[in-house]
Amino acid sequence: MSLEAENHRAEEFTEDALARRVYHLNTLYELNQEISTLKDVHAVLNASLLYLTGVFGLRRGLIAIYKGDEPQPHKFVSRGMDESAEIRWCQQLESYLPLHVMEEVCITENDSDSPLAALLKGYELCIWLPLKVDEQTWGGIALGDKLSGMEFTADDMELLSTIAMTLQNVLNNVLLIEALNESINKEKRIRTVFQRYAPETVINEVLNPSNEELLLGKSEAVRRMFDEIISRLEEQHVLERDLEDAYNVQKYLLPDRPPQILGIEIAPRSIPARYVCGDFYDFISLSPHEVGVSLADISGKGMPAAMIATMLQTATRTCVRSYYSIPSILAVLNRFMFQHTEDHRYATMFYGHVDTKERTFTYSNAGHPPPILCRNGEVQLLEVGGTFIGMFEQCSYNQDAISLQSRDVLVIYSDGVTDAGTSADTDEPDDAFGQERLETIIATHSTLSADALLDRIIAEVTGYANRQKQFDDITLIVMKVE
Amino acid sequence: MRQECRVTVHEDNELTTIEVMGNLTAAAEEAMDTAYQQACRHNTRKILTKFDGESRINSAGIAIMIDLVMESREKRIQIFVSGLSNQNQKIFELVGLTKYVTVVTSEEEVRGS
């Protein structure tokens, strides 16, 4: 880890730092929520620049989107710049296309060599972050200096990159929708929806051109009824598509494979009780021998819990990359979640930091079922930490560090594992798979590889719960020190 | 937690007050702009932006305040702010707004300044 990063990690965790961090996370969350609902490129850019201006306290800024080799922006928004400056910017950038605009520029006192940097300086702008939306669409975010007079920090640039990524994803979707809307007319869309949902006999009857004409043309009442059916089917179609989108977002956010960290095998799995999952696990690679490991379980199930899980996962990544200590990460996440859950939702969460070079595992447990460390057949529970996150505005957490030894096995899991076998109605703990049973399996099979042990646990849990429908999300991470 | 934002303007000879009830977010941009233009009509020299103490101000709300403050500097209007929660005051400090606005605890403080 660099000296700068070490210093950053060692930074005293003041109330100011906490407030700044929570403010940044709130911005990411709210911006994402706001622009995800917008259907118009201009509105997306406007909202994004509004949030950027506020989060950094900027005097001015702009976002320009270009299509292909067109020299004039396809879309352009600005704040704090007069009209003539906007026009001049659009004209002048043309001289720098396409060679220079894909470079990231952050002007400091010693950096004014690049032509783009000179252009930016002419408009009292000091940051240029390129955007690459799709093969044809690109552009950039240009930001002016801050009201505070402070320079942009590494933290700021990290936040800016995250916002740019969010913006790129949303723009990609919005542009796609625009293109689809242009090419598919309403009639065709209705037919598609109808064909998908209506019984085959009805389709054959109604989609027969003569019958359709007869039905729609002869009776106003039938026409209204038909419109109502179509409208409901469309709503259902939208809901299902939203659910699919949520599932895809979650799938996208979950690591597609465990990180390759020297000296440790890692095997994760998550099995949602419904379409989407209120648990999440994540790995954040910090170096070839260091990885952050998180597993959280949001109270409740289904879409509301899944949305909070996604929010919390994104927030965790942002916090961890800022090199705060583990208790500080949890304190920030706690306050962030408290502020964004209106119905008293909370999460249990475990976060740990593996360092295979130092052979240490440092962790904090926020009210989560204690992970199980198995060493030479003996079991130890990792319980040090604090309470759930999101329940109280102010919470503090402790951390503990354990030395890792060869063949140590660590299993982090959600309560869907130990509660398996109970039903949503009775929730009788006597029927549950239970922690003791889990400990026994781990101790008995600790010589297996991480993957094989994971498969074994899942097989035991699902076999045990066979008589009951799975009612809670099941998430597990198995780690084995080599 | 989320309240609709209501913005009203009160004027007298000495002071114009923009009263903000509810959360200041992107949704309030037009209302704030209208209120500010109204507040500037009568050669105002002092504007008090009065929050209700419970309002949450997010990044978009801060951007709206920045616009208001920057335009006021050009027009040589002094901006005062009251009713900020501790959290909002901290954010005002973080983004540098406190360099451009005077944070007060009451309307009387502005009138006496």
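Chains as they are written, first to last, in my numbering: chain A, 1444 to 1925; chain B, 3 to 115.
Where is the CB? At the ideal position from N, CA and C, for every residue including glycine.
Fair warning: this is a prediction, and the values are worked out from it, not measured in the lab.
Counting only Cβ pairs nearer than 8 Å, list the residues of chain B close to S1591 (chain A).
Within 8 Å Cβ-Cβ: L96, V97, G98 and K101.
Please confirm whether T1480 (chain A) has its beta-carbon closer than 9 Å to some beta-carbon of chain B.
No, no contact with chain B.
Please classify S1730 (chain A) as buried or exposed, where buried requires at least 16 neighbouring CB atoms within 10 angstroms.
Within 10 angstroms of the beta-carbon of S1730 (chain A) lie fewer than 16 other beta-carbons, which makes it exposed.
Give a yes or no on contact between the segment 1601 to 1615 of chain A and the segment 1573 to 1591 of chain A, applying the rule of three or more CB pairs nearer than 8 Å.
As far as the Cβ criterion goes, the segment 1601 to 1615 of chain A touches the segment 1573 to 1591 of chain A, which means the pair count is three or higher.
Residues that N1469 (chain A) contacts on chain B, provided the C-beta gap is smaller than 8 Å:
Here the neighbours are N60 and S61.
Is there a Cβ from chain B that is less than 9 Å from the Cβ of E1454 (chain A)?
With a pLDDT of only 43 at E1454 (chain A), under 50, the local geometry of the prediction cannot be trusted, and the value read off the model is given with reservation. Cβ-Cβ to chain B under 9 Å: no for E1454 (chain A).
Within 10 angstroms of the Cβ of L1824 (chain A), are there 16 or more other Cβ atoms? Answer buried if so, exposed if not.
With fewer than 16 Cβ atoms within 10 Å of its Cβ, L1824 (chain A) is classed as exposed.
Three-state secondary structure (DSSP) of R1502 (chain A)
Three-state DSSP puts R1502 (chain A) in coil, outside helix and strand.
Using 10 angstroms around the beta-carbon of H1783 (chain A), count the other beta-carbons present and answer buried if the total reaches 16, otherwise exposed.
H1783 (chain A) comes out buried.
Take V1827 (chain A) and list the residues in its own chain whose beta-carbon comes closer than 8 Å to its own, dropping the five residues that flank it on each side.
The residues are Y1806, S1807, N1808, N1841, Q1842 and D1843.
Any alpha helix (DSSP H) of 4 or more consecutive residues that is wholly inside the segment 1726 to 1767 of chain A
For the segment 1726 to 1767 of chain A, whole alpha helix (DSSP H) runs of length 4 or above, ordered along the chain, are 1745 to 1763.
Expressed to the nearest angstrom, what Euclidean distance is found between the alpha-carbon atoms of D1725 (chain A) and R1778 (chain A)?
Taking the straight line joining both Cα atoms gives about 20 Å.
With a threshold of 16 other CB atoms inside 10 Å of the CB of G1906 (chain A), please say whether the residue is buried or exposed.
The residue is exposed, with fewer than 16 neighbouring Cβ atoms inside 10 Å.
Quick test of the definition: if touching needs 3 or more C-beta pairs under 8 Å, does the segment 1472 to 1486 of chain A touch the segment 65 to 80 of chain B?
No, the segment 1472 to 1486 of chain A does not touch the segment 65 to 80 of chain B.
Within chain A, partners of I81 (chain B) - CB distance below 7 Å
The contacting residues do not exist; I81 (chain B) stays about 13 Å from chain A at best.
Give me the Cα-Cα distance between G1721 (chain A) and Y38 (chain B), rounded to the nearest whole angstrom.
If you draw a straight line from the Cα of G1721 (chain A) to the Cα of Y38 (chain B), it comes to about 44 Å.
Please confirm if D35 (chain B) has its CB atom under 9 Å from at least one CB of chain A.
Chain A places no beta carbon closer than 9 Å to that of D35 (chain B), leaving this residue out of the contacts.
Going along chain B, which residues have a C-beta under 8 Å from Y1789 (chain A)?
Scanning chain B for C-beta atoms nearer than 8 Å to the C-beta of Y1789 (chain A) yields nothing, as the closest lies near 15 Å away.
Quick check: the segment 1459 to 1479 of chain A against the segment 92 to 101 of chain B, are there 3 or more CB pairs under 8 Å?
With the cut-off at 8 Å, the segment 1459 to 1479 of chain A and the segment 92 to 101 of chain B touch.
Closer than 6 Å by C-beta to P1698 (chain A): which residues in its own chain qualify, once you throw out the five before and the five after it? Chain order, please.
So the qualifying residues of the chain are F1726.
Pop quiz: I1769 (chain A) and V1924 (chain A) are said to be a contact at Cβ under 8 Å. What is the actual Cβ separation, rounded to whole angstroms?
The Cβ separation is near 20 Å, so there is no contact.
Would you give the residue range spanned by the alpha helix (DSSP H) that N1841 (chain A) belongs to?
No alpha helix (DSSP H) contains N1841 (chain A), which DSSP labels as neither H nor E.
Find the residues of chain A that neighbour K92 (chain B), judging by a C-beta separation of less than 9 Å, and give them in chain order.
Neighbours of K92 (chain B) on chain A, chain order: E1458, D1459, A1462, R1463 and Y1466.
Against I68 (chain B), what residues of chain A qualify as contacts under a CB-to-CB distance less than 9 Å, listed in chain order?
What I68 (chain B) touches in chain A: T1496, G1497, G1500, L1501, R1502, R1522, G1523 and L1590.
Under 9 Å between C-beta atoms of A1758 (chain A) and D1916 (chain A):
No. Outside cutoff.
Measuring alpha carbon to alpha carbon, tell me which of A:V1852, A:R1522 and A:F1914 ends up nearest V1860 (chain A).
Cα-wise, what sits closest to V1860 (chain A) is A:F1914.
Cα separation between R1503 (chain A) and L1461 (chain A)?
The straight-line gap from Cα to Cα measures roughly 26 Å.
Could you name the residues of the segment 10 to 44 of chain B whose beta carbon sits closer than 8 Å to any beta carbon of chain A, in the order they occur along the chain?
If the cut-off is 8 Å between Cβ atoms, the segment 10 to 44 of chain B has T27, A28 and E31 near chain A.
Is N49 (chain B) close to chain A, meaning its C-beta is less than 9 Å from at least one C-beta of that chain?
Looking at the sequence provided, one finds Ile at residue 49 (chain B) rather than Asn. Residue-level contact check: I49 (chain B) does not touch chain A, since none of the beta carbons of chain A fall below 9 Å from its beta carbon.
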